[in-house]
Amino acid sequence: MGVAQATPKPAPRRRSPALRKAFPYLLLAPALAYLLVITLYPGLFAIYQSLFVVKFLSWSWTGLGNYSAILQDREFWAALGNTALIGAISLALQTGIALAIAYFAYRDPMIRGWRIIYLMPMLFMPSAVAFIWKLAFNDGRVISDLLSRLGLIEGNVDWLGSIWLSRMTLIIADVWQWTPFLFIIFVAALQGQDQEIEEAARLDGASWPKIFWNISLPMMRPVIVVAITLRGIDITTMFTNVFVMTQGTPGGASETMSYFIYRQGFRMFNFGYASAASVLMLVLTVVIAQTVVKRAFHSGKK
Amino acid sequence: MTNRLGGMSRRSFLRTGAAFGAATGVFGLKTPALAQSGLPDIQTTLDSISVEKYVREDYRKLYGLDNTPLWDPAKDWIRTVDWDKVRTELGGTTVRFAIGAADQESAAEGLKPFEALSGIKVELVPIPDDSIYDKAISEFISGNASFDALQFFSAWLGDFAAPGFLAPLDDYAAKWALPLDDFYDTYRLNYGYFGGKLVGIPFDCDIQMVHLRKSRMEQILGGPIDLSNSVPTYDELIRITAEANKLGGGMAGIGLLGARGFWSTYSWEHIAAQAGLQLFDSNWNPTLNSDAGIKGLETLLALSKNAIEGVSGAGWGENRAAWLGGQVAANISWQDSGTQAMRPDQSQIVDDFVTIYEPRIAGGVFAPPNIAGSTSVVTATSQNPEGAFLMLAFLTTSSIMAMNEANANGVAPGYRSVLANENLRKVSQPMKVWADSLEHAWCSPRLPGMFEMEQALGNEINRAITGQITAKEALDNGQAAWAAIMAKNGFKEGGGPVAYADVAPGLYVGGGKALPF
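Here's what the structure looks like:
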């Protein structure tokens, strides 16, 4: 009986040490090139442009002049305050609502199968959503009409005439469209948790609210932080709703930073000034996001 | 990387191609007979530019329009110019016309008769509607604009004209007998001239007016509306719009443009002009917070209290929808609110409105405001400025402008001969008042930076409308912003890129004239 002879394995192709070293970078190169062209170059260009007074091709050096002017600009501070205020309220509402719905819904088999339905508002084009809300609040008087029929108000509400009502319209539109984003993340996080923990707590006689509050929620903390950070960054760039629904009315009380930057760049044609405002906004966003994430994860480790 | 095309580099290919193009261009100019061959008969083409062909069939039926001209043929440039001479001198050349992308198709159709009459080929360069300013100015600065002619918002004229981006048109206007004297002075001076030179041909000649709903206002006034006496003052307008507001029924007292930016500025200018507003002194110092300015803004604030909800966010679109939809008992807006309201396909208030003479303000003047509008220009770097001029003269000729008005498409004629035409007045309700008003028109100067100034001031006025600051504070803030923007644009110590004396005659053309009523 002959012994079966194993077919010799072909020797692995040996890459040169240089190629081996370069290989990971080569894999990264396309993504890196994309990032450089799409993100880094415009970013660096904006920083460079922010040091000039720019009127199209006429550039004159001003150093930090644009930054100094912005920091004394009432409209900049107002826009920053509005962004923080509208963003914070909207984010808090979205988080609360999304958590509440997720708590009630995550065990439901329907939710598992039909998660996509809850995503519907997110799937609509933001500008179309903004126009619908504009129609509902202002042009079509739909909300006023409904409230009037319910006997809650008399006549039509001037949603754009009041600072808080105007901000409220933006918040409602944002909450309507983006709560599903947080909801879907929270549901996924809850469904991903070890069911044995819940069952053990149930055997110990804990109620569902107690389980959620004392067990599920703390375990979700990193997910919540990441979700809120992502949504928070997105909210700081809120533009479409402001552009379509209020244009910053009344008197700039609903103007966000993105709209302020747009207005400076494309209505007033102060490109250097707009770039400086963008740079400041970027720095601020990065610092806040970094602080929030760092703190959340740091205390989570503790 | 060098692209090779049959042994030539891409660059050398383009250079050769350009040289060939230039050579054929010259050849084309020198051999007009060749270019003209196959061109249709001039008179036949002119006859086709008629009411029957240009005005919508439903409007013709509605108003019983036959083919009778809605203009004065003796003043209609396309019927007076020597097209044979045009063909001889410019046939076979090309003109590139920059136009908002949305209008490209209609413009292409509308320019076919021009191509037939002149033998000049028109190439349209579409520009996204919301980026005409930046696209245009970028191309101007590059020194090699991809178009010969352009039509734009008249507030930008100073930005384009002061740096020398526009070709002077005086010689062409004289050579081809453009009927400049038929334009109302306010348009000729403000949309046409800059620094004493003709640089534009007025295109969309707008004026703001006051419109009333007959049924509601006759109820309040106790009888039929007299065009000049029923609402003689702004105080009376404030009173009746407050009354109208109380009546409810889904109809607010008044609609006006109160949104941030230039919309609010325009509403303030409209009213303050009646109080005798002058935006600058003779040294180019802004005088927004003068007594007239403050009176105008206080009047606007009083009116806004009677206005439809959402007025602080109302631009042209929102205002137009509220007026034509029957939601307001009075409206301060452009003349087309008074034309479009007649058309059943655009309006729910047909036969229930009237456009009145401008109400007055004690101590002020009768100064109906020429606000916004558009003009058309030839670029200084144009390779065919004369052809471009002729194309613009065709587009703005009185017959086509009259038919625009008959179609109620919002492009307004600025010719005396058109606004005096009795046939056209039958299809444009405000036209009599409009024509009379233009002889007294007020206009803000088209300065470099004017659009930015209008935006900055409008933001402050909007704050006043929404009760965040007083009228005085808004105008003080606006004035400071104007001074800063003007300094940035070269106005220093009374001097600047524009001589005040050149601009002054156009600011108010009604001085010393008898009132039309």
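Protein sequence lines, in the order shown, are assigned to chains L and C. Quick note on this note's numbering: the first sequence kicks off at 1 and runs consecutively. Quick note on this note's numbering: the second sequence kicks off at 1001 and runs consecutively. Built from N, CA and C at the ideal position, the CB exists for glycine as well.
- Taking all protein chains shown into account, N1245/C has 16 or more neighbouring C-beta atoms within 10 Å of its C-beta and is therefore buried.
- For T1379/C, DSSP records a beta bridge to L1166/C.
- Among the residues of the region 143-166 of chain L, those with a Cβ less than 9 Å away from any Cβ of chain C are S144, G155, N156, V157, D158, W159, L160, G161, S162, I163 and S166, in the order of the chain.
- Relative to Y1059/C, the option among L1419/C, A1406/C and A1136/C whose CA is nearest is A1406/C.
- Residues of chain C with a Cβ closer than 9 Å to the Cβ of Q247/L are, in chain order, A1259, R1260, G1261, G1313 and G1315.
- As summarised for the region 1203-1237 of chain C, the continuous alpha helix (DSSP H) elements at least 4 residues long and confined to that stretch are 1214-1221, given in chain order.
- Per the coordinates, the alpha-carbon of L1039/C lies some 31 Å from the alpha-carbon of L1065/C.
- Beta bridge pairing from DSSP links S58/L with K55/L.
- When beta bridges are read from the DSSP output, A1330/C appears opposite L1212/C.
- In the DSSP annotation of this structure, G1512/C is not part of any alpha helix (DSSP H), being labelled neither H nor E.
- Contact check for F186/L and A98/L: beta-carbon distance about 5 Å, within the 8 Å limit, so the pair qualifies.
- Setting aside the 5 residues that flank it on each side, G1373/C is surrounded in the same chain by S1154, D1204, C1205 and D1206, each with a C-beta closer than 6 Å to its C-beta; the list follows chain order.
- Annotation: the continuous alpha helix (DSSP H) that includes E1057/C extends over E1057 to Y1063.
- Of the residues assessed, M120/L falls on the exposed side of the cut-off, its CB having fewer than 16 other CB atoms within 10 angstroms.
- Following the DSSP letters along the chain, one finds F1097/C inside the beta strand (DSSP E) bounded by residues T1094 to G1100.
- The Cβ atoms of A1393/C and W1176/C lie closer than 8 Å to each other.
- Closest option to L1247/C, judged by alpha-carbon separation, among F1517/C, I1308/C and A1302/C: I1308/C.
- Of all alpha-carbon atoms in L190/L, G81/L and D158/L, the one lying nearest the alpha-carbon of L135/L is that of D158/L.
- If you check the CB distance, V1081/C and V1122/C do not come in under 8 Å.
- Distance from T1355/C to P1413/C at the Cβ level is roughly 16 Å; contact not present, criterion being Cβ atoms closer than 8 Å.
- Taken through DSSP and simplified to helix, strand or coil, K1121/C comes out as strand.
- Setting aside the 5 residues that flank it on each side, V223/L is surrounded in the same chain by A189, each with a C-beta closer than 6 Å to its C-beta; the list follows chain order.
- Among the residues of chain C, those whose CB is under 7 Å from the CB of D139/L are E1318 and A1321, following chain order.
- In the three-state reduction of the DSSP assignment, K1305/C falls in the coil class, being assigned neither a helical nor a strand state.
- The Cβ atoms of Y118/L and F183/L lie closer than 8 Å to each other.
- An exposed status is given to S1106/C, since fewer than 16 other beta-carbon atoms sit within 10 Å of its beta-carbon.
- CA-to-CA, the gap between S1399/C and L123/L works out to about 50 Å.
- Contact check between the region 1286-1304 of chain C and the region 1259-1271 of chain C: three or more CB pairs, one atom from each, fall below 8 Å, which counts as touching.
- G232/L and G87/L have their C-alpha atoms roughly 7 Å apart.
- Bounds of the beta strand (DSSP E) holding I1356/C are F1353 to I1356.
- With respect to the C-alpha of I70/L, the residue from A296/L, I288/L and Y273/L having the closest C-alpha is Y273/L.
- Apart from the 5 residues on each side of it in sequence, R1463/C sits with its Cβ closer than 7 Å to the Cβ of I1469 and A1474 in its chain, given in chain order.
- For G1363/C, none of the residues of chain L pass the 9 Å Cβ criterion, the least Cβ distance being about 29 Å.
- Within chain L, the residues placing a beta-carbon under 8 Å from that of G1310/C are N138, D139, D158, W159, L160 and G161, ordered along the chain.
- A contact between stretches requires three or more CB pairs, one per stretch, nearer than 8 Å, and the region 1346-1355 of chain C fails this requirement with the region 1414-1423 of chain C.
- The beta carbon of Q94/L lies closer than 7 Å to those of V175, W178, T179, L182 and R231 in the same chain, with the five residues before and after it left out.
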